[in-house]
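Residue numbers (the UniProt record's numbering): 1 to 242.
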Amino acid sequence: METNAWGDEAPDDGFEIVGGQEAQFGRHRYVVGIKKSPVGETFCGGSLIAPNVVLTAAHCLDGVVPSVVVGTHYLTGFADGELANVTEKIKHPNGTDVGIIILDHNISITQPVAVSFEFVPADVLTWVRGWGNIWHNGPPSRVLKEVSVTTWNNTRTSAALNRYRRVTDTMLGAGVEGENSCHGDSGGPLTIEQTVPCNWWGWSAGTLNVVCSARQVSMNASALLVPSLNRTCRIKSSLRVP
1 METNAWGDEA PDDGFEIVGG QEAQFGRHRY VVGIKKSPVG ETFCGGSLIA
51 PNVVLTAAHC LDGVVPSVVV GTHYLTGFAD GELANVTEKI KHPNGTDVGI
101 IILDHNISIT QPVAVSFEFV PADVLTWVRG WGNIWHNGPP SRVLKEVSVT
151 TWNNTRTSAA LNRYRRVTDT MLGAGVEGEN SCHGDSGGPL TIEQTVPCNW
201 WGWSAGTLNV VCSARQVSMN ASALLVPSLN RTCRIKSSLR VP
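Written out as structure tokens, the structure reads:
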């Protein structure tokens, strides 16, 4: 399985999985739940991108963030995952809604999703996963959910977001009417998945979720994340940059 991972960025609390279905148990263990307490509910998602590094949205790092659970299927608790304490929170220095969490130990329950930075054209199938609200303003999902969305070209993305944000060549739009991510659980991954006879790899960025129907924008990570990851996390060897 080849996986390209993004971290979701949102202007408010985050996103929900609108439509979609329950994710296969134990298959996507790189997905991280960020918690106020070990037994409490996940309030933001993330992606394990190095043995002790989590990629998420910067606004998820506001306030006290004591712990994360890696590899869990459930909204609450950590029995089926690996609990880790947060030792450092790093927000992107230019104000972009991208953040990094440093954990107190290397995660052993799963391998990280690697980071790559490759251009993604329109009409590519992607997946969003998280525990966010199952409908607009509804309750959070008690289990990890997933929904497939298709990438857009920048012309379509710009038309959808013209009153919210300027779209540049370093951004990617993805969505489908009626099924998408929305308010409730930001920071989690947007992935491209293909069957290959080798390891998973990823392309990480941020997502701006605007409405619950179909409109989200991901920022290309190559210019934003590579310097920060190399400087703060010392994981250059795991980055695949064309």
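Here a beta-carbon is modelled for each residue, glycine too, at the ideal position from N, C-alpha and C.
Can you grab the Cα-Cα spacing for the pair residue i / residue j, in whole Å?
i: W201; j: G40; result: Because W201 sits at a pLDDT of 38, beneath the cut-off of 50, its placement in the model cannot be relied upon, and the point is left open.
i: E118; j: T56; result: 19 Å
i: D104; j: P112; result: 16 Å
i: S158; j: V124; result: 18 Å
i: T207; j: I34; result: With a pLDDT of 36 at T207, under the threshold of 50, the modelled position of this residue cannot be trusted, and the question is left open.
i: R156; j: L172; result: 10 Å
i: A50; j: N106; result: 8 Å
i: V65; j: K36; result: 6 Å
i: W131; j: T168; result: 29 Å
i: K89; j: Y30; result: 19 Å
i: I102; j: T150; result: 31 Å
Looking only at its chain, what residues have a beta carbon closer than 6 Å to the beta carbon of residue i, apart from the 5 residues adjacent to it on each side?
i: V32; result: G46, L48, V54, V68, V70
So which of the options has the shortest CA-CA distance to residue i?
i: K91; options: S108, A174, C60; result: C60
i: L75; options: T151, N137, F43; result: F43
i: G26; options: V120, G175, V143; result: V143
For the beta strand (DSSP E) that contains residue i, what are its first and last residues?
i: V31; result: 31-35
i: S67; result: 67-70
i: A50; result: 42-50
i: L75; result: Neither: L75 is in no beta strand (DSSP E) and is coded neither H nor E.
For residue i, collect the residues of the same chain with a Cβ closer than 7 Å to its Cβ; drop the 5 residues on either side in sequence, then sort them by chain order.
i: G20; result: K145, E146, V147, E179
Sequence ranges, alpha helix (DSSP H) only - wholly within the segment 121-171, length at least 4: 154-161
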